[in-house]
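**Q** Chains as they are written, first to last, in the working numbering: chain R, 55 to 243; chain B, 55 to 243.
Beta carbons are placed, not taken as given, at the ideal position from N, Cα and C, and that holds for glycine.
2 protein chains.
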Amino acid sequence: MPAPARTSRDAIVASGRAILERDGLDGLTMQRVAATVGVRAPSLYKHVRDRGDLVRLILNDVAVELTAALDAAAGSGEPRRDLGTLARAFRRFAMTHPEAYGLLFARLPDGSRIDPEVNARAGEALLRAAAALAGPDDALAAARTVTAWAHGFINMELAGAFRLGGDVDRAFEFGLERLTSAIAAPDRP
Amino acid sequence: MPAPARTSRDAIVASGRAILERDGLDGLTMQRVAATVGVRAPSLYKHVRDRGDLVRLILNDVAVELTAALDAAAGSGEPRRDLGTLARAFRRFAMTHPEAYGLLFARLPDGSRIDPEVNARAGEALLRAAAALAGPDDALAAARTVTAWAHGFINMELAGAFRLGGDVDRAFEFGLERLTSAIAAPDRP
DNA sequence: ACCTGAACACCGTTCAAGT
DNA sequence: ACCTGAACACCGTTCAAGT
């Protein structure tokens with residue numbers, strides 16, 4: 055006698071994501087997720103392998119959404135301009151999903167880490183803009199420089215590491231402008 | 055009848071740090087720390103407030119050591135050269151203490167976050183080099199640009215986010231060289 | 001085929017009782 | 001003054017039993 059599913063993997067991931075964003079990673083318990091979707095904790099194991107797997111699914115979901123935001127931000131045809139809109143879209147996304155963003159590039163157990171393809175896909179728009187600006191030989195190194203800066207800045211901002219006062223928005227724009235010029239190939243001013 | 059202390063806060067922090075580096079944050083349990091220093095878990099609460107406090111003490115310890123490594127790396131009198139040795143020392147330290155480093159700028163509960171003075175002290179050497187290179191007006195923004203880049207690069211490298219192959223060491227040197235030029239004031243080539 | 005209660009091993013933390 | 005066992009509330013996870 056089959057029993058009808060009272061919940062679904064999508065519902066579990068969506069609920070887990072909301073709880074993660076509201077209560078942080080420590081607050082993301084199987085019992086809380088189960089209660090939100092209307093089952094008991096053991097039932098969750100019919101839909102996800104374990105808690106680490108649930109974290110992975112949530113982060114994949116977030117990364118796909120980030121990718122869409124980045125894709126929408128780029129595409130002006132002007133790589134210099136694209137790099138700016140990409141960096142600002144990146145920062146805006148992180149600020150509206152701070153808990154999830156903080157885990158996106160964190161050291162997590164293997165089972166919780168984001169899928170490689172999802173990760174690669176998220177970096178594409180920026181890699182394209184960097185390639186157009188820096189030329190093919192330096193494309194990857196240039197993309198890594200910009201990504202590292204943007205991620206590092208956002209991560210430190212989210213962690214509250216900028217404690218010396220000053221204008222953080224201005225520091226972001228300063229870094230963005232200097233970096234854009236710095237990675238441009240000599241013949242691409 | 056007073057009972058002699060069978061352990062100390064320093065021993066607990068040192069043991070906790072070793073366990074953190076070996077087993078990760080999830081592996082850092084009060085029971086394991088207690089066993090290593092030779093007492094039972096409840097005794098630890100005579101020396102630290104709770105587990106979050108222990109994490110804070112460990113991270114403070116790591117940050118102080120990082121500060122010493124950075125201070126030792128700088129001081130050549132040549133800000134351009136200092137920036138390079140600082141960035142490389144930063145990366146080397148992170149690679150030898152990956153678990154602790156990954157938490158240094160992570161989103162942690164308030165009670166686990168590093169002390170503001172320890173954080174400010176760690177940034178001093180880099181702020182000094184950046185100021186010498188960028189000039190007083192842009193000193194803070196320039197220091198934040200370099201710190202963000204270095205931290206972001208190292209954090210992504212530790213998290214295994216550079217999955218497109220390529221030469222990661224070369225990307226680090228590329229970013230370092232371009233960034234150094236980018237933050238230099240026009241009159242400080 | 002999914003859901004459940006019961007159970008297990010493990011946490012962090014408190015506290016009264018020991019020395 | 002510190003250490004301990006016992007206890008409590010809470011985890012994640014497994015599993016046999018229900019429908």
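If we cut at 8 Å on Cβ distances, does PHE144 (chain B) have a partner in chain R?
**A** no
**Q** Looking at the secondary structure, which residues open and close the alpha helix (DSSP H) in which LEU187 (chain B) lies?
**A** Element bounds for LEU187 (chain B): 170 to 188.
**Q** Taking the Cβ atom as the reference point for each residue, do ARG198 (chain B) and PHE216 (chain R) lie within a distance shorter than 8 Å?
**A** yes
**Q** Below 8 Å on the Cβ atoms is my guess for VAL87 (chain R) versus GLY70 (chain R); work out the distance and round it to an integer in Å.
**A** About 5 Å separates the beta carbons of VAL87 (chain R) and GLY70 (chain R), which is inside the 8 Å limit, making them a contact pair.
**Q** Taking its Cβ as the centre, do 16 or more other Cβ atoms sit within 10 Å of GLU132 (chain R), making it buried, or is it exposed?
**A** exposed
**Q** Residues of chain R with CB closer than 9 Å to the CB of ILE237 (chain B), please, in chain order.
**A** PHE228, GLY229, ARG232 and ALA236
**Q** Indicate whether GLU75 (chain B) and GLU178 (chain B) have their beta-carbon atoms separated by less than 8 Å.
**A** In this structure, GLU75 (chain B) lies away from GLU178 (chain B), with their beta-carbon atoms at least 8 Å apart.
**Q** Measuring CA to CA, which of R:VAL67, R:LEU194 and R:GLY214 is closest to VAL109 (chain R)?
**A** R:VAL67
**Q** When the distance is taken between beta carbons, is ARG142 (chain B) closer than 8 Å to ILE208 (chain B)?
**A** no
**Q** Could you tell me how far apart the beta carbons of MET210 (chain B) and HIS205 (chain R) are, in whole angstroms, since I believe they sit closer than 8 Å?
**A** 6 Å
**Q** Going along chain R, which residues have a C-beta under 7 Å from PRO170 (chain B)?
**A** ARG217
**Q** Considering just the uninterrupted stretch of the alpha helix (DSSP H) at ARG217 (chain R), what are its terminal residues?
**A** From DSSP, ARG217 (chain R) is part of no alpha helix (DSSP H); its letter is neither H nor E.
**Q** How many Å lie between LEU120 (chain R) and GLU171 (chain R) at the Cα?
**A** Roughly 14 Å between the two C-alpha positions.
**Q** Tell me whether GLY106 (chain B) sits in a helix, a strand or coil according to DSSP, three-state version.
**A** Under the three-state reduction of DSSP, GLY106 (chain B) is assigned to helix.
**Q** Is there a Cβ from chain R that is less than 8 Å from the Cβ of ARG224 (chain B)?
**A** yes
**Q** For the candidate residues B:ASN114, B:PHE147 and B:ASP115, whose alpha-carbon lies nearest to that of ALA126 (chain B)?
**A** The shortest Cα separation from ALA126 (chain B) among B:ASN114, B:PHE147 and B:ASP115 belongs to B:PHE147.
**Q** Count the other CB atoms, across all protein chains shown, that sit within 10 Å of the CB of ARG181 (chain B); report buried if there are 16 or more and exposed otherwise.
**A** For the sequence presented, residue 181 (chain B) should be read as Leu rather than Arg. Result: buried.
**Q** When you compare the CB positions of ASN173 (chain R) and ALA239 (chain R), do they come within less than 8 Å of one another, or not?
**A** no
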